[in-house]
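In the numbering used here, the protein residues as written are 239 to 461.
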């Protein structure tokens with residue numbers, strides 16, 4: 239079931255959207271301001287965000303910017319701001335679509351379906367190196383023909399790294415996407431988990447060949 243975070247401070251509209259989305263097979267999550275929206279996004283990891291720009295505690299543009307620091311979840315702006323500059327600013331900030339109020343429920347449902355289609359993930363890769371094999375879809379790993387058990391958190395780290403082979407993934411991005419915004423400064427998490435991954439997969443953990451540290455910046459996966 240596709241989960242949708244609806245962020246709006248109008249109680250009647252929020253309730254109506256909640257009822258309509260549930261009736262059409264979605265799982266709605268609601269928030270009435272920017273702070274609760276950011277907290278709900280981190281906790282529930284919704285598939286789509288529907289966001290009003292006129293929130294009581296912060297501008298919706300700031301919410302978009304904060305979300306885009308750590309997630310690529312599709313964001314549909316739902317706003318009474320009709321100006322073309324507002325639309326352009328929202329899209330440039332990281333929104334995927336823009337619906338102006340008043341709107342029809344059928345239109346919003348169509349936008350949600352389109353966002354869901356665009357967000358379909360590609361097939362999970364199988365990574366084969368001289369030392370180990372990772373099947374990220376089946377969640378299986380082996381080294382030298384022997385199965386290696388990886389934790390769910392270790393798989394999240396691997397997913398992020400193998401999606402960008404040979405490229406630096408920053409410490410902040412890893413912490414935000416794997417653990418969430420509340421852990422953006424917990425650098426010790428990275429040291430502990432990368433040490434574990436190297437012990438399980440690297441031929442020589444003290445001299446890593448595949449999981450490379452870029453001191454003070456982040457990590458790279460070199461296949």
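Glycine residues also receive a C-beta, built at the ideal position from the N, C-alpha and C atoms. Here the structure is a predicted model, which is why all the values come from computation and not from measurement.
Next item on the list: For residue 349, name the three-state secondary structure that DSSP assigns.
Entry: helix
Notebook entry, point to check: If you count every other CB in all the chains shown that lies within 10 Å of the CB of residue 301, and 16 or more means buried, which is it?
Noted result: buried
Note to self: Please report the straight-line C-alpha distance between residue 396 and residue 321, rounded to a whole angstrom.
What the structure shows: Roughly 43 angstroms separates the two Cα atoms.
Next item on the list: Determine the direct distance from the alpha carbon of residue 365 to that of residue 376, and round the result to whole angstroms.
Entry: 12 angstroms
Check: Anyone know if the C-beta pair for residue 266 and residue 286 falls short of 7 angstroms?
Finding: Against a cut-off of 7 angstroms, the Cβ pair of residue 286 and residue 266 comes out as no contact.
Checklist line | Helix, strand or coil at residue 298 [DSSP, three-state] | finding: helix
Notebook entry, point to check: residue 456 to residue 434, Cα distance in whole Å?
Noted result: 16 angstroms
Next item on the list: Kindly indicate the opening and closing residues of the alpha helix (DSSP H) around residue 431.
Entry: 425 to 439
Notebook entry, point to check: In terms of residues, what are the limits of the alpha helix (DSSP H) holding residue 453?
Noted result: Element bounds for residue 453: n/a, residue is neither H nor E.
Margin query: Using a Cβ-Cβ cutoff of less than 8 angstroms, which residues in the same chain neighbour residue 424 once the five nearest sequence positions on both sides are dropped?
Written below: 413, 417
Notebook entry, point to check: Measuring CA to CA, which of 350, 277, 372 is closest to residue 459?
Noted result: 372
Checklist line | Element boundaries [alpha helix (DSSP H), containing residue 398] | finding: 390 to 400
Check: Thinking C-beta only, is residue 335 closer than 7 angstroms to residue 293?
Finding: Inclusion of residue 293 and residue 335 in the CB contact set at 7 angstroms is not warranted, their separation being larger than that value.
Next item on the list: Taking residue 420 and residue 280 to be in contact with their CB atoms under 8 angstroms, please state how far apart those CB atoms are, rounded to whole angstroms.
Entry: 7 angstroms
Next item on the list: For residue 257, I'd like the list of residues in its chain whose CB is within less than 8 angstroms of its CB, leaving aside the five on either flank, ordered along the chain.
Entry: none
Next item on the list: Could you tell me if residue 453 is buried or exposed, where buried requires 16 or more neighbouring beta carbons within 10 angstroms of its beta carbon?
Entry: exposed
Notebook entry, point to check: Got a sec, what are the start and stop residues for the alpha helix (DSSP H) residue 415 sits in?
Noted result: Its alpha helix (DSSP H) spans residues 409 to 416.
Note to self: Cutting at 7 angstroms between CB atoms, please list the residues of its own chain near residue 427, excluding the five before and the five after it.
What the structure shows: 413, 417, 421
Notebook entry, point to check: Which residues mark the beginning and the end of the alpha helix (DSSP H) in which residue 327 is found?
Noted result: 322 to 331
Next item on the list: Could you round the C-beta distance between residue 303 and residue 272 to whole angstroms and report it? I think they count as a contact, below 8 angstroms.
Entry: Actually they do not touch by this definition, with Cβ atoms about 11 angstroms apart.
Next item on the list: Use the C-beta contact count for residue 392: other C-beta atoms within 10 angstroms, 16 or more gives buried, fewer gives exposed.
Entry: buried
Notebook entry, point to check: In this structure, does DSSP put residue 289 in helix, strand or coil?
Noted result: strand
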